[in-house]
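First up is the structure itself, then whatever we jot down about it.
Number of protein chains: 2
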Amino acid sequence: MTDMLARRAALLGPNVPTFYKTPVHIVRGADVWLWDADGRRYLDCYNNVAHVGHCHPKVVEAIAEQAAILNTHTRYLHEGILTYGERLIEKFGHDLEQMIVVCTGSEANDVALRMAQAVTGKTGFIATDNTYHGNTTAVSHLSTRRPPIGGWPDHVRRVPAPDSLEPLGGSLPAQPEAFAVHVARAIEELEDAGHGFAGLMVCPIFANEGMPGVAPGFLDPTVDVVRRAGGLILCDEVQPGFGRVGAAWWGHDYLGFAPDVVTLGKPMGNGHPVAAVVARPDVMRAFREAFGYFNTYGGNPVSCAAALAVIEVIEEEGLVANAHDVGAYALEQLRGLSHPLIADVRGVGLFFGIEFARDGVPASSFCETVTERMKDRGILLGRVGRAQHILKMRPPMPFGRAHVDMLAEVLAEVLKETPEDA
Amino acid sequence: MTDMLARRAALLGPNVPTFYKTPVHIVRGADVWLWDADGRRYLDCYNNVAHVGHCHPKVVEAIAEQAAILNTHTRYLHEGILTYGERLIEKFGHDLEQMIVVCTGSEANDVALRMAQAVTGKTGFIATDNTYHGNTTAVSHLSTRRPPIGGWPDHVRRVPAPDSLEPLGGSLPAQPEAFAVHVARAIEELEDAGHGFAGLMVCPIFANEGMPGVAPGFLDPTVDVVRRAGGLILCDEVQPGFGRVGAAWWGHDYLGFAPDVVTLGKPMGNGHPVAAVVARPDVMRAFREAFGYFNTYGGNPVSCAAALAVIEVIEEEGLVANAHDVGAYALEQLRGLSHPLIADVRGVGLFFGIEFARDGVPASSFCETVTERMKDRGILLGRVGRAQHILKMRPPMPFGRAHVDMLAEVLAEVLKETPEDA
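Chains as they are written, first to last, in the numbering used here: chain A, 1 to 422; chain B, 1 to 422.
In structure tokens, the structure reads:
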């Protein structure tokens, strides 16, 4: 382990963090399980990318089979991208009928931004002040982690993210309208500054913002504001998509609004680097007329085979219904936990969290200790929220009721054993 | 075929070109061969991404094996990225000892730009006026195809690309110095405009510029100019790298200069979406301190297994020496072709071209007809150059002398049969 950390630092340089204070050396995965080099088994309650389960045999076989036959780009005709695309598009409403296949969610969001520019002829964007949509230069401008060299670009405006402890507008019911008011103000600023307004990029369940209790209808006032201003709704479905929200295939359908552009990330290929942008034909046309975009390995036969297998597994194994059922059961079980620092238990489908706070103040250090101790007890979780005080649970989709029971049981023990001032 | 084109247009939208007037429907690949749906076999003289040959069994097996065991991100420790990285870094000199693994060449170049910003604190970039380095928003600013929405960004300056028909400085021997003079002027402009100079991004063999006869030493005067101005040399090895130039593993070592940052693209994984940025530790440190960069699937175990297999195949099959030998033989054979429109035959290793012109005027249409007819005769080629008048040949690395003979023989016939005004 020490040796691996030293080799890693020598090879990758500084500031390449691992999860956990003592990192985990994972060597094998299957279904909802990961194993470390000592043979210890972990229940994976965190990794959404292995969407249909780690190393799902059907996806592995699809990749292996197609990789042995042909892997090339889309300047030649191939059945793979057509079959896959037609299956994918069936899952969408709102005239979202066309797609571009790329390799990463970052590439997808980078394209989505340009689609909004192409349609509107404007360059201004809005995102929340506690989000992350990817790592290209253009997309990382939407994040708030660190200022880019040369300073923050003027054409991106950040609006306050919805929050559960300190809701916008002073109360949870007031939050949807209050969020829309902030968006309207940012649009005005972009117009006054001469950039104009191209679009709002948003995750429909505000996953990176800590999933602050958004419910159907939450974004309706915001969507109205964006539409009236002539901008586009760029909907980042990298986390909620492919049935994770349980009630629907997509977060935007769960919330009940019509995006102009939807982006999909690597859960699409169960970890194989494939991602996509889905858009209305009028939006696609504007983009395709403005840019000569080509992605060498976007839509190659192997990526499409992996992605097709993922859709088939979701359907064959009833994973959307499972996310709905098991997600509800998880909320029920976790809400049964009693602890003075539990401020909220919330979630949708197989994406849920527990917020820790004392008198409205985030209990970050307690949350961190719980996460570490859960790992030591064989359960992998993450953290999210402005103060990293929310336990983040986002397991592979075959997660079942027995896994919830195990999670809830161990968590109850860890909560009992962990001092409140840990 | 008609049906596939209609489905493609319905699904992908307009302006998604295929190669050739009548596109090819490729269904299978092996070694240097591709097969279409009618069972016709094509000699692949174009696709560099299938670097060690289409569907190389060793790469396919590495992918299949690792995909069945584990595929997850680098926030956990894993041997794969370490073993691969250590093998890769061995191939580099110039203190290029650290790396970031990403998924595409575009992502790699997008990171390289930010490395130069982080080191210099400046934002200005230089590229040639006939290049392509990738498709992210930031990287596509270096390309010249179409203006971005909002206009060309002021912080990118384009210098005239080296050219074979109209060399900079008026003659081929004068070209290296003349290119450097243009770069020096652009640096001055960037400084006058207040951006300052961060770096020059360049392919060492000017692959997209039509490979205008660059030889060892070509970039020396330019490198001097860049160094004196405090900027970085960002060397895009997506095309020349991994031994394609024959004389060395990397284009910059063939030319004989020391880059600050090197980027690698999908030939690295024989088509599996894996790419990388290699840099000196001081450059990596500056980047890692300025940006919190994480790429979910960059460096995952499957990508690293694919990439490791590629290095092993290159070594086991002696593909760098093969590129050197067969490349020289190809030049010899192609120079034996006699045709009034052949203005130049040039290349390095397994990257070579034939330039068609009449009295110094590019013969674009003739070149296109030849490419189409070669395809009809079962040989896949591409075109490059400002006027698309240069036959571009960049076959998989196991290309042998027998394949050269076949190429030269069919090309001789097609040249004879094709009217000069075709």
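Each residue gets a CB set at the ideal place from its N, CA and C atoms; glycine is no exception.
Contact with chain A by residue 115/B, beta-carbon distance below 8 Å: Closer than 8 Å: no.
Short CB-CB distance (under 8 Å) between residue 237/A and chain B: No, residue 237/A does not count as interfacial toward chain B.
contact_flag[the stretch 98-116 of chain B, the stretch 134-144 of chain A] where n(CB pairs < 8 Å) is 3 or more: These segments touch.
Chain A contacts made by the stretch 127-156 of chain B, where a contact means CB separation under 7 Å: Hits within the stretch, in order: 135, 136, 137, 138, 145, 146, 149, 150.
Per-residue DSSP class, three states only, for residue 46/A: Residue state, collapsed to three classes: coil.
Candidates 404/B, 16/B, 309/B, 66/B: closest to residue 325/B by CA position: Distances from the alpha-carbon of residue 325/B to those of 404/B, 16/B, 309/B, 66/B put 404/B closest.
Listed by chain order, chain D residues near residue 85/B by CB distance under 8 Å: Absence of chain D from the displayed structure is noted, the protein chains being A and B.
Enclosing alpha helix (DSSP H) for residue 105/A [first to last residue]: Note, residue 105/A: alpha helix (DSSP H), 105-120.
N-terminal and C-terminal residue of the beta strand (DSSP E) that residue 392/A is part of: Per DSSP, residue 392/A belongs to the beta strand (DSSP E) from 390-393.
Nearest candidate by alpha-carbon position, reference residue 91/B, set 278/B, 376/B, 170/B: Each of 278/B, 376/B, 170/B was checked against the Cα of residue 91/B, and the nearest Cα belongs to 278/B.
CB contact below 8 Å: residue 89/A versus chain B: Residue-level contact check: residue 89/A touches chain B, since one or more beta carbons of chain B fall below 8 Å from its beta carbon.
Segment contact flag, the stretch 226-246 of chain A with the stretch 313-320 of chain A, C-beta cutoff 8 Å, min 3 pairs: The stretch 226-246 of chain A vs the stretch 313-320 of chain A: in contact.
Proximal residues to residue 99/B (C-beta, below 6 Å), its chain only, five neighbours per side dropped: These residues qualify, in order along the chain: 85, 276, 278.
Beta-carbon spacing of residue 380/B, residue 5/B below 8 Å: Not in contact: residue 380/B and residue 5/B (Cβ atoms no closer than 8 Å).
Residues sharing a beta bridge with residue 355/A, DSSP: Answer by DSSP bridge pairing, in chain order: 344/A, 390/A.
Under the three-state DSSP convention, the category residue 236/B falls into: Three-state DSSP puts residue 236/B in a strand.
Proximity below 8 Å, CB of residue 168/B to CB of residue 178/B: Taking 8 Å as the cut-off, the Cβ atoms of residue 168/B and residue 178/B count as close.
Under 8 Å between C-beta atoms of residue 66/B and residue 273/B: Cβ atoms of residue 66/B and residue 273/B: not closer than 8 Å.
The stretch 187-203 of chain A contacting the stretch 149-160 of chain A, beta-carbon criterion three pairs below 8 Å: Yes: at least three Cβ pairs fall under 8 Å.
Residue 266/B at chain A interface by Cβ criterion, 8 Å: Yes, residue 266/B lies at the interface with chain A (some Cβ there is under 8 Å from its Cβ).
Residues bridged to residue 98/B (per DSSP): In the DSSP output, where bridge partners are listed per residue, residue 98/B has 279/B.
Neighbourhood of residue 182/A by C-beta distance below 6 Å, restricted to the same chain and skipping five residues each side: Excluding sequence neighbours, residue 182/A sits near 159, 160.
From 355/B, 400/B, 365/B, residue whose alpha carbon lies closest to that of residue 391/B: It is 355/B.
Contact set between residue 47/A and chain B, taken where Cβ atoms lie within less than 9 Å: Within 9 Å Cβ-Cβ: 72, 73.
Limits of the alpha helix (DSSP H) - the one that residue 325/A falls within: From DSSP, the alpha helix (DSSP H) with residue 325/A extends over 319-335.
Residue 239/A versus residue 132/A - alpha carbon distance: Cα to Cα, the separation comes out at about 11 Å.
N-terminal and C-terminal residue of the beta strand (DSSP E) that residue 34/B is part of: Run containing residue 34/B: 33-36, per the beta strand (DSSP E) assignment.
Interfacial residues, the stretch 375-405 of chain A to chain B, with Cβ spacing under 8 Å: So nothing in the stretch comes that close.
Test item: CB-CB of residue 23/A and residue 77/B under 8 Å: Contact flag set, yes.
Given 8 Å, three or more beta-carbon pairs between the stretch 204-223 of chain B and the stretch 251-262 of chain B: Contact holds: three or more Cβ-Cβ distances are below 8 Å.
Reduced DSSP category for residue 126/B - H, G, I as helix; E, B as strand; rest coil: Look at residue 126/B here: in three-state DSSP terms it is strand.
Contact list for residue 292/A against chain B, beta-carbon separation under 7 Å: The answer, in chain order, is 145, 146.
Member of 385/A, 421/A, 387/A, 373/A whose CA lies at the smallest distance from the CA of residue 407/A: The candidate whose alpha carbon is nearest that of residue 407/A is 373/A.
Interface residues of chain A facing residue 230/B [CB-CB closer than 9 Å]: Under a criterion of Cβ atoms nearer than 9 Å, no residue of chain A is adjacent to residue 230/B; the nearest Cβ is some 14 Å distant.
Buried/exposed call for residue 143/A, threshold 16 Cβ in 10 Å: By the 10 Å Cβ count, residue 143/A comes out buried.
CB contact flag (residue 339/A, residue 363/A, <8 Å): Cβ distance not < 8 Å, so residue 339/A and residue 363/A don't count as in contact.
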